[in-house]
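Just add 19 to the spot in the sequence shown (first one is 1) and you have our numbering.
Ideal placement from N, C-alpha and C gives every residue a C-beta, glycine not left out.
Taking it in order: structure first as structure tokens, then the write-up.
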Amino acid sequence: EPAPLTDLEIARRATLQPIAEIARAAGIPEEAVDFYGRYKAKIDPARLAPEQSEPRGKVVLVSAMSPTPAGEGKSTVTVGLGDALARAGHRTMIALREPSLGPILGMKGGATGGGYSQVLPMDEINLHFTGDFHAITSANNALMALVDNHLYQGNELGIDPRRITFKRVIDMNDRALRQIVLGLGGPAQGVPRESGFDITVASEIMAVFCLARDLKDLKQRIARITFGYTYGRRPVTVGELGVEGALTMLLKDAIRPNLVQTIAGTPALVHGGPFANIAHGCNSVIATQTARRLADIVVTEAGFGSDLGAEKFMDIKARSAGFAPSAIVIVATVRALKMHGGVPKDRLAEPDLAALQAGAANLERHVHNAAKFGLAPVVAVNRFATDTRQELDWVLAWCQDRGIEAAVTDVWAHGGGGPGGDELAAKVAAVIEGPQHFAPLYDLDLTVEKKIETIAQQIYGADHVEFSAPARKQLAEIEANGLNRLPVCMAKTQYSFTDDAAVLGAPSGFTIRVRELIPRTGAGFIVALTGAVMTMPGLPKEPAAMRMDVDDDGQITGLF
Ligand code: ADP
């Protein structure tokens with residue numbers, strides 16, 4: 020057999036339709052489409068037709084079991100399922116996050132799917148796309164330049180330079196920038212202070228960008244952002260600095276969703292991209308709601324497993340945007356099940372039913388998590404070439420024994436337009452038509468402490484939550500500042516239900532340690548940092564960048 024084509028080779032061989040055609044087929048009026056070249060466009064939701072004013076489409080969320088370095092294929096299944104639903108005659112739109120350059124150059128890359136289930140043009144989407152991340156980076160860094168200038172110009176607000184909580188950002192994994200000293204060089208250069216850089220996708224500007232309902236809401240949220248504290252320990256907001264107008268101005272084009280297409284020609288909105296371990300991990304509310312105005316079914320994805328992206332999708336995004344998801348798909352692979360069952364990464368290709376059995380406990384907890392939001396999940400077994408029929412049948416039988424809907428899907432190998440997606444699409448379509456009982460996990464009236472305990476116990480399976488001494492103080496400040504009604508955005512490793520990345524499977528009897536709480540008053544949530552989660556990742560010893568190249572004609576290689 021010839022070596023399988025890479026994602027990039029498959030993408031390059033696909034025939035793209037002009038984006039104007041995709042827009043027309045999706046029912047988007049011409050005046051709402053702004054072209055970024057032939058295959059990308061921004062959509063202005065304000066210019067959709069009057070009969071498209073209500074977001075009516077049903078939302079299908081694609082989540083997964085706890086990710087492993089083996090890769091589960093969540094984006095791949097999202098795209099393939101969208102294609103399969105479209106092929107079955109449903110008016111379907113896909114809503115994905117935009118990829119961040121940091122992981123692309125570092126570990127394994129983007130969020131454009133894989134095999135024959137990809138959004139196109141994959142190289143452009145994975146690199147600079149329509150410049151949204153640059154706009155978000157600029158808005159974030161404009162704020163920091165304005166804050167440091169305020170200190171330099173006399174510091175009328177009395178901002179304590181040691182208590183500025185906002186940082187500059189860059190869309191890169193760059194550990195050397197984690198901690199810096201700035202303003203050195205004497206009185207003419209500024210006020211010296213310690214600070215650092217976060218990755219752009221961890222910025223609160225990214226979070227508000229993804230949660231805002233429209234430009235007006237975006238400006239109000241930016242004004243509410245707390246960037247630091249005064250010498251008297253009072254929180255200071257962007258609104259007090261008076262620059263929310265300028266920051267919103269920098270985002271006015273970026274805030275419109277980007278329209279692209281899948282290999283099969285299904286319309287996809289790719290917009291916004293907060294990380295799911297250190298932010299809320301879903302594409303923008305504006306894109307999801309725009310897709311719901313245009314399509315009957317919207318297939319979207321939340322980062323990492325049900326414990327991270329999906330929990331935040333339900334408790335933060337869906338609640339704040341005011342919609343109820345209709346179905347949740349949990350992506351599982353035979354390889355990931357074996358890895359959670361104790362098989363090392365280099366032996367995942369060997370059949371091992373005992374390890375499957377042990378690893379299924381991880382999948383089971385994710386399935387139960389979906390039920391905690393009132394949703395009956397559909398398990399999508401993403402088939403890899405090394406999976407044996409016996410192993411796949413074992414997983415299907417395991418699901419059947421527990422009354423869990425499941426289908427093996429081949430959308431990577433054949434695309435959603437092929438047979439691999441039909442069964443999954445049929446099962447999802449049936450769930451959407453069934454009775455709906457969505458509810459968030461916790462009530463906003465609970466204290467922040469109680470909310471964190473609820474998530475840790477109900478979703479992670481923890482016994483206790485332990486707050487560090489600083490976190491205890493921050494809980495008291497949250498209460499004093501009237502922020503107890505905000506939802507919680509947990510920052511936790513994606514690899515484990517615990518706060519230790521090495522603990523796989525479905526552990527119990529553990530403690531979640533909260534070391535810091537950060538009120539994100541613009542986004543409207545409290546970030547709870549657990550374990551060793553970082554807001555600026557580093558690059559691995561052999562970065563993916565070393566395999567990438569571009570020839571004299573501009574043809575890229577090595578981008579997957
Ligand atoms: P996730 O969204 O879970 O991070 P992706 O959908 O981005 O995963 O897929 C990660 C990588 O794994 C991609 O390069 C993709 O081509 C590959 N992949 C996904 N599904 C399969 C499969 N069934 N067989 C082989 N490779 C796959």
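Helix, strand or coil for Asp462? Go by DSSP, reduced to three states. As a first step, residue 462 is located in the sequence shown; it is residue number 443 there, counting from the start. The answer is coil: DSSP assigns Asp462 none of H, G, I, E or B.
Comparing the CB of Gly577 with every heavy atom of the ligand ADP, is any distance shorter than 6 Å? To locate residue 577, count along the sequence shown from 1; it is residue 558. Flag unset: Cβ of Gly577 not near the ligand ADP.
Contact between the segment 269-281 and the segment 84-97: three or more CB pairs below 8 Å? no
Can you list, in chain order, the residues of its chain whose CB lies under 6 Å from that of Gly177, leaving out five sequence neighbours each side? The sequence position of residue 177 within the sequence shown is 158, counting from 1. Cβ within range, chain order: Thr249 and Tyr250.
For Asp142, is the classification buried or exposed, using 16 other Cβ atoms within 10 angstroms of its Cβ as the cut-off for buried? On the sequence shown, position 123 is the one that residue 142 refers to. Burial call: buried.
Contact belief for Phe294 with Val220 at Cβ below 8 Å, rounded distance in angstroms: Here residue 294 is taken as the residue at index 275 of the sequence shown, counted from 1. Here residue 220 is taken as the residue at index 201 of the sequence shown, counted from 1. That pair is a contact at about 5 Å.
Would you kindly check if the distance between the Cβ of Leu100 and the Cβ of Leu443 is under 7 Å? Residue 443 sits at position 424 when you count from the first residue of the sequence shown. Residue 100 sits at position 81 when you count from the first residue of the sequence shown. Leu100 is positioned such that its CB atom lies closer than 7 Å to that of Leu443.
Same chain only: Cβ atoms within 7 Å of Ala343, ignoring 5 sequence neighbours per side: Taking the first residue of the sequence shown as position 1, residue 343 is located at position 324. Closer than 7 Å at the Cβ level, and outside the excluded window around Ala343, lie Ala337, Gln455 and Phe457.
Relative to the C-alpha of Arg243, which candidate in Glu213, Leu162, Arg311 and Leu139 has its C-alpha closest? If you number the sequence shown from 1, residue 243 lands on position 224. The candidate whose alpha carbon is nearest that of Arg243 is Leu162.
In this structure, how does DSSP classify Tyr248 when only helix, strand and coil are distinguished? For the purposes of this step, residue 248 is taken as the residue at position 229 of the sequence shown. The answer is strand: DSSP assigns Tyr248 an E or B state.
Let me know the secondary structure DSSP gives Lys469 once reduced to three states. Position 450 of the sequence shown holds residue 469. The answer is helix: DSSP assigns Lys469 an H, G or I state.
Give the range of the alpha helix (DSSP H) segment to which Glu259 is assigned. Start at 1 with the first residue of the sequence shown, and residue 259 comes out as number 240. From DSSP, the alpha helix (DSSP H) with Glu259 extends over Val257 to Leu260.
At a threshold of 6 Å, does Ser85 count as lining the ligand ADP (C-beta to nearest heavy atom)? In the sequence shown, counting from the first residue as 1, residue 85 sits at position 66. Checking the Cβ of Ser85 against the ligand ADP gives no.
Taking the DSSP output, what are the residues bridged to Cys418? Position 399 of the sequence shown, counted from the start, is the residue given in the question as residue 418. Cys418 is not bridged to any residue.
Between Trp413 and the rest of its own chain, which residues show a CB-CB distance below 7 Å, the 5 nearest in sequence each way excluded? Position 394 of the sequence shown, counting from 1, holds the residue named residue 413. Cβ within range, chain order: Leu372 and Leu375.
Selection from Ala283, Met225 and Pro363 that minimises the alpha carbon distance to Thr554: As a position in the sequence shown, residue 554 is number 535, starting the count at 1. Nearest option by C-alpha distance: Met225.
By Cβ distance below 6 Å, which residues in the same chain neighbour Val257 in space, the five residues on each side in sequence not counted? Taking the first residue of the sequence shown as position 1, residue 257 is located at position 238. Here the set comprises Ile241, Ala242, Ile244 and Glu263.
Quick check: what's the CA-CA separation for Ile183 versus His483? The residue labelled residue 183 in the question sits at position 164 within the sequence shown. The residue labelled residue 483 in the question sits at position 464 within the sequence shown. Cα to Cα, the separation comes out at about 31 Å.
Return the CA-CA distance between Tyr461 and Asp334, expressed in angstroms with no decimal places. Position 442 of the sequence shown holds residue 461. Position 315 of the sequence shown holds residue 334. When rounded, the distance between both Cα atoms is 8 Å.
Short of 8 Å in beta carbon distance, which residues of its chain neighbour Tyr58, apart from the five on each side in sequence? Order them along the chain. Locating residue 58 in the sequence shown gives position 39, where the first residue counts as 1. Within its own chain, the residues whose Cβ lies closer than 8 Å to the Cβ of Tyr58, once the five positions on either side in sequence are excluded, are Leu35, Pro37, Ile38, Leu139, Pro140, Glu143, Val279 and Gln280, listed in chain order.
May I ask you to list the residues that DSSP assigns as paired with Ile144? Within the sequence shown, residue 144 is the residue found at index 125, counting from 1. BP columns for Ile144 are empty, so no partner.
Three or more beta-carbon pairs under 8 Å between the segment 114-130 and the segment 299-309, yes or no? yes
Can you tell me whether DSSP reads Gln137 as helix, strand or coil? On the sequence shown, residue 137 is found 118 positions in, with the first residue counted as 1. Looking at Gln137 - three-state DSSP - the assignment turns out to be strand.
Going by the DSSP bridge assignment, what does Gln280 pair with across the sheet? For the purposes of this step, residue 280 is taken as residue 261 along the sequence shown, with counting starting at 1. For Gln280, which the question treats as bridged, DSSP gives the partners Leu139 and Pro286.
As a quick exercise: from Leu382, Asp406 and Thr405, pick the residue whose alpha carbon is nearest that of Pro396. Walking along the sequence shown from the start, residue 396 turns up at place 377. Answer by Cα proximity: Leu382.
Please say whether Val467 and Asn503 have beta carbons closer to each other than 7 Å? Within the sequence shown, numbered from 1, the residue matching residue 503 stands at position 484. Within the sequence shown, numbered from 1, the residue matching residue 467 stands at position 448. Closer than 7 Å, so yes.
Name the residue from His153, Ile47 and Cys229 whose alpha carbon lies nearest to the alpha carbon of Ala68. Residue 68 sits at position 49 when you count from the first residue of the sequence shown. Closest option to Ala68, judged by alpha-carbon separation, among His153, Ile47 and Cys229: Ile47.
Considering Glu28, what are the terminal residues of the alpha helix (DSSP H) in which it resides? Indexing the sequence shown from 1 puts residue 28 at position 9. Asp26 to Arg32 is the extent of the alpha helix (DSSP H) around Glu28.
4-residue-minimum alpha helix (DSSP H) runs that sit fully inside the segment 203-227, ordered along the chain: Runs found: none.
With H, G and I counted as helix, E and B as strand and the rest as coil, what does DSSP make of Ser85? Translated into positions along the sequence shown, residue 85 becomes position 66. Taken through DSSP and simplified to helix, strand or coil, Ser85 comes out as coil.
Are there any heavy atoms of the ligand ADP lying less than 6 Å away from the beta-carbon of Asp326, as far as the coordinates show? Taking the first residue of the sequence shown as position 1, residue 326 is located at position 307. No, since every heavy atom of the ligand ADP falls outside the 6 Å radius drawn around the Cβ of Asp326.
Identify every run of the alpha helix (DSSP H) within the segment 518-547, keeping only runs that are complete inside it and at least 4 residues long; order them along the chain. none
Among the residues of its own chain, which have a CB less than 7 Å from the CB of Leu367, if the five just before and after it don't count? Counting from 1 along the sequence shown, the entry for residue 367 is found at position 348. The answer, listed in chain order, is Ala89, Arg354, Lys357 and Met358.
Could you spell out where the beta strand (DSSP E) holding Lys336 opens and where it closes? Your numbering for residue 336 matches position 317 in the sequence shown. Bounds of any beta strand (DSSP E) do not take in Lys336, whose DSSP letter is neither H nor E.
Three or more C-beta pairs closer than 8 Å, one from the segment 502-521 and one from the segment 539-552: is that the case here? yes
Hey, could you find the ends of the beta strand (DSSP E) Met509 is sitting in? Your numbering for residue 509 matches position 490 in the sequence shown. Per DSSP, Met509 belongs to the beta strand (DSSP E) from Val507 to Ala510.
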